[in-house]
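Counting from 1020, one number per residue, gives the positions in the sequence shown under my numbering.
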Amino acid sequence: MPRIRLLLLDDHVLFREGVSRLLTSESDFEVVAQCGTAAEGLDVLARTPVDIVLLDYDLETDTGTRFISAAYEADFRGRILMVTAGMNELQCSLAWKLGIAGIALKHSSPGRLLEAIRTVAGGGKWNDQEAMARSTSSPARALSPRERQVLRGVLEGQTNKEIAHSVGASLSSVKASLQQLFDKTGVRTRGQLVRVAVERSLETTGSR
């Protein structure tokens, strides 16, 4: 029986390598390539047969949805499974409309990821319900004055050290507030936090 040919597209090298080791330990999978950018991924698709792309949504300076559009415009006939730290409702809706086969969360168990891939490979759909629970349709828990200050600094492009100096707080306090912001908004990176803050119009006013 032919093995399922997989392309890993994620900008986090350690995550890619970990997933690659997991997949290559399975007899029915073949990892044909792993890439960190959409351009690299499209180049692989242009020269190598791929059945399923495991695609992260947040590609540092790009988004997975741009890759989806470009891949299908280039006549990619395989399937795409988003493997993400979390996507909001709008992002999920757009990805589904563009033709993805499923959404799996990075913090799911290895067994669940393998199940998602095999389901998609068999022609089915996969949708981790937790992905929808992170949607912006549910309001974020109220932000404290310090969290609003830290969020404002993030939106202004300041480093943690610069934010600490700006608000008159310790670096550890700023890091703690940043983690609280991640938890309240359901994101894992500054880039995702900025995007969610803009989409939700999160309040950043507050005394310094």
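Where is the CB? At the ideal position from N, CA and C, for every residue including glycine.
Residues bridged to residue i [DSSP beta-bridge criterion]
i, result
"D1070", "Paired residues: none, contrary to the question."
"D966", "No statement about residue 966 is possible, as the shown extent of the chain runs from 1020 to 1227 and does not include it."
"M1020", "According to DSSP, which records beta bridges pairwise, M1020 is partnered with nothing at all."
"I1122", "M1101 and N1146"
"A1052", "L1026"
Same chain, Cβ closer than 8 Å to residue i, neighbours up to 5 away in sequence not counted
i, result
"L1117", "T1084, I1087, S1088 and Y1091"
"D1070", "I1023, R1024, L1025, G1097, R1098 and A1140"
CA-to-CA distance, residue j to residue i, given in whole angstroms
i, j, result
"R1153", "D1147", "Only weak support is given to the placement of R1153: the predicted model assigns it a pLDDT of 49, under 50, and the question is left unresolved by the model."
"S1189", "S1196", "11 Å"
"P1021", "T1208", "38 Å"
"A1065", "V1072", "13 Å"
"P1164", "D1047", "52 Å"
"D1202", "R1131", "23 Å"
"S1157", "H1184", "Confidence at S1157 is low in this model, with a pLDDT of 45, below 50, so the placement of that residue should be treated as unreliable; the coordinate-derived value is given next. Cα to Cα, the separation comes out at about 33 Å."
"K1194", "T1067", "43 Å"
Extent of the continuous alpha helix (DSSP H) run through residue i
i, result
"R1040", "V1032 to T1043"
"S1112", "E1108 to L1117"
"A1135", "P1129 to A1140"
"V1206", "Premise fails: V1206 is in no alpha helix (DSSP H) and is neither H nor E."
"G1172", "P1164 to L1174"
Nearest to residue i (by Cα), restricted to the options the options
i, options, result
"S1127", "C1111, V1038, V1063 and L1064", "V1038"
"L1100", "D1081, A1093, E1108 and K1125", "K1125"
"V1217", "H1184, L1170, E1181 and A1161", "L1170"
"F1095", "K1203, H1031 and G1060", "G1060"
Residue range of the unbroken beta strand (DSSP E) whose run includes residue i
i, result
"T1103", "R1098 to T1103"
"A1188", "From DSSP, A1188 is part of no beta strand (DSSP E); its letter is neither H nor E."
Own chain residues within Cβ distance below 6 Å of residue i, not counting five before or after
i, result
"L1113", "T1084"
"L1074", "L1028, G1083, I1099 and M1101"
Same chain only: Cβ atoms within 7 Å of residue i, ignoring 5 sequence neighbours per side
i, result
"V1050", "L1025, L1027, S1039, L1042 and T1043"
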